[in-house]
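Protein chains in written order, with the numbering used here: chain A, 1 to 298; chain B, 1001 to 1298.
If you want it as structure tokens, here you go:
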């Protein structure tokens, strides 16, 4: 009989990941808030549990994919949480993006009930989640990672073990800050050439094979120029992730002028009511800052 | 008999470009300051002229590849400059990196002696210059660009006409600012994962296929991590180029928080005595700012 894997957080990312766990031949048990999602997963053969504590009774391995550390903490430490009773030999695979220290803080809480934790944040977007092609950045004890591996391989294509608990989150934070800092440069480059009367699309094509080439110049720039800002990675999540990168930096005493600036710009974008749009909407904030200068003039 | 092309500025970039003009079958005439360079080009069949005015007497098309606008202005407007006498049907192809407005300012000076100008800054580094594989970003009248094209094609692989005079410089400035802003993010990402105890080389490999992928993460990060900071694109030139990007922004009233920050960081790197190193030496400035935090610790 196949092993039962627990899942909490069947959102844009987690939904696709959980379906791939089912496809890989595992039994799936899940805690689901939305009735329509619960119906769909029940129809696909999943068991729906009332709360995480019940899930821990059915599954030795539970995957979480939650929006932030506060949501994760209630799932673990809440009155009906995973750690509300004994969870002998339990293993939490946390795919949320949280701070490394927040991941480490959960280890003793879980250890007290007999369970362990690995951090496993992902990248690759909703498409990668649906297609099972995510990159998964893991941190934790080698034995725990090996135990998690069959489940991780059901959800992702590239599984990297980067060091002790929290290491996956550190690399995820590095990824997010590089994207956001680069995005500022791309937005400022677009504004500069536009003000000089040059077509930003032509700039993007000319420079996309040289030293300035990047995933952000390819993808984010195009989403901004096309106005295709719905349904991507939301600015409010990027803002949260930059907050994580800044908190790691503060904790370690690092100079982070660019990361801090990116966080401030992303926060301003959210404050301006655009947090629900793709992070490439940062270009719209620059348009607003530049006023008439955003148009074509010298 | 093949046309004679004039060349001024046989440095790291210009030297390779001038050799490719020769290779393409043009006659070459050049103004050369260094005796060894003059000897080498004379041996290769070039005519060495005493000053730009003499060059203008031999060549209807002159290429300049100079470190800054001040050097270019003396070559054009100096007492023995290209515009010191009539230069009927002359065409200046300026491959220096200067501000768009500085390129435009030279147009009336040259027009007064019967000559024209196109801006044609390049990217691709010393290797691209030597191999004739540069990307050349041009601005100017279409007829002038077409006249320049055989010479441009001798020096580069991708020739782009981006708009009126100055447009090439605007796109070059966009390129430089994107590289420098992204470089800050890459340096801060390296510092973050290192402080978390993760190997930055592994971070670089894991993230180089995702949304954070970039030419800077591939090449600059490696040059910093390898300590291979000699002989590349010097920080002092990047600092100058960021000054150009900032001046364009000020002129057009653009918000450039990230570009301005990158210029300040690059300027601090130069002030710290590292202006002669590759711009990837910015990582060393971060190491200094981070002090002991730059080592592996949580």
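Even glycine gets a Cβ: it sits at the ideal position worked out from N, Cα and C. Since the model is a prediction, treat every value here as computed from it, not as a measurement.
Near residue i, what residues of its chain come up, given a Cβ to Cβ distance below 6 Å and the 5 sequence neighbours on each side ignored?
i: residue 1279 of chain B; result: 1233, 1235 and 1238
i: residue 1270 of chain B; result: 1235, 1236 and 1239
i: residue 4 of chain A; result: 27, 29, 58 and 59
i: residue 1113 of chain B; result: 1083, 1086 and 1087
i: residue 1152 of chain B; result: 1136 and 1159
i: residue 143 of chain A; result: none
Pick helix, strand or coil for residue i, following the three-state DSSP scheme.
i: residue 1075 of chain B; result: helix
i: residue 1203 of chain B; result: helix
i: residue 1088 of chain B; result: coil
i: residue 3 of chain A; result: coil
i: residue 1029 of chain B; result: strand
i: residue 1287 of chain B; result: helix
i: residue 1312 of chain B; result: Examination of residue 1312 of chain B is not possible in this model, given that chain B is present from 1001 through 1298 alone.
i: residue 298 of chain A; result: At residue 298 of chain A the pLDDT is 34, less than 50, meaning the model places this residue with poor confidence and gives no usable figure here.
i: residue 66 of chain A; result: coil
i: residue 122 of chain A; result: strand
i: residue 1080 of chain B; result: coil
i: residue 145 of chain A; result: helix
i: residue 49 of chain A; result: strand
i: residue 208 of chain A; result: coil
i: residue 1098 of chain B; result: coil
i: residue 133 of chain A; result: coil
Smallest Cα separation from residue i: which of the options?
i: residue 47 of chain A; options: A:13, A:8 and A:158; result: A:8
i: residue 1101 of chain B; options: B:1169, B:1152 and B:1220; result: B:1169
i: residue 1260 of chain B; options: B:1178, B:1273 and B:1136; result: B:1178
i: residue 207 of chain A; options: B:1215, B:1087, B:1110 and B:1114; result: B:1215
i: residue 104 of chain A; options: A:258, A:203 and A:165; result: A:165
i: residue 141 of chain A; options: A:220, A:129, A:123 and A:119; result: A:119
i: residue 1075 of chain B; options: B:1037, B:1045 and B:1033; result: B:1033
i: residue 65 of chain A; options: A:134, A:95, A:184 and A:155; result: A:95
i: residue 205 of chain A; options: B:1114, B:1161, B:1256 and B:1146; result: B:1161
i: residue 107 of chain A; options: A:54, A:218 and A:73; result: A:73
i: residue 264 of chain A; options: A:277, A:252, A:251 and A:285; result: A:285
i: residue 12 of chain A; options: A:251, A:185 and A:122; result: A:122
i: residue 1056 of chain B; options: B:1258, B:1093 and B:1070; result: B:1093
i: residue 1069 of chain B; options: B:1099, B:1045 and B:1063; result: B:1099
i: residue 21 of chain A; options: A:31, A:130, A:274 and A:163; result: A:130
i: residue 1226 of chain B; options: B:1200, B:1159, B:1253 and B:1139; result: B:1200
i: residue 1249 of chain B; options: A:143, A:195 and A:67; result: A:195
i: residue 44 of chain A; options: A:18, A:63 and A:67; result: A:18
i: residue 211 of chain A; options: B:1272, B:1254, B:1202 and B:1176; result: B:1176
Can residue i and residue j be called in contact, C-beta distance under 8 Å?
i: residue 1174 of chain B; j: residue 189 of chain A; result: yes
i: residue 1041 of chain B; j: residue 1091 of chain B; result: no
i: residue 1006 of chain B; j: residue 1061 of chain B; result: yes
i: residue 1244 of chain B; j: residue 1135 of chain B; result: no
i: residue 1052 of chain B; j: residue 1080 of chain B; result: yes
i: residue 1171 of chain B; j: residue 193 of chain A; result: yes
i: residue 186 of chain A; j: residue 1167 of chain B; result: no
i: residue 132 of chain A; j: residue 149 of chain A; result: no
i: residue 163 of chain A; j: residue 124 of chain A; result: no
i: residue 268 of chain A; j: residue 1258 of chain B; result: no
i: residue 24 of chain A; j: residue 126 of chain A; result: no
i: residue 63 of chain A; j: residue 49 of chain A; result: no
State buried or exposed for residue i, treating a residue as buried only when at least 16 other CB atoms are found within 10 Å of its CB.
i: residue 137 of chain A; result: buried
i: residue 111 of chain A; result: exposed
i: residue 116 of chain A; result: buried
i: residue 145 of chain A; result: buried
i: residue 1287 of chain B; result: buried
i: residue 275 of chain A; result: buried
Could you name the residues of the same chain whose beta carbon sits closer than 8 Å to that of residue i, not counting the 5 residues immediately before and after it, in chain order?
i: residue 266 of chain A; result: 180, 235, 238, 239, 242, 279 and 282
i: residue 109 of chain A; result: 76, 77 and 83
i: residue 223 of chain A; result: 229, 232, 278 and 280
i: residue 183 of chain A; result: 216, 220, 262, 279, 280 and 282
i: residue 1251 of chain B; result: 1101
i: residue 1246 of chain B; result: 1256, 1259, 1260 and 1263
i: residue 213 of chain A; result: 207
i: residue 1147 of chain B; result: 1061 and 1091
Excluding sequence positions up to five away, which residues of its chain have a Cβ less than 7 Å from the Cβ of residue i?
i: residue 1290 of chain B; result: 1191
i: residue 128 of chain A; result: 134
i: residue 54 of chain A; result: none
i: residue 39 of chain A; result: none
i: residue 218 of chain A; result: 208
i: residue 1001 of chain B; result: none
i: residue 1296 of chain B; result: Any reading at residue 1296 of chain B must be qualified, since the residue scores a pLDDT of 43, below 50, and its modelled position is unreliable; no value is offered.
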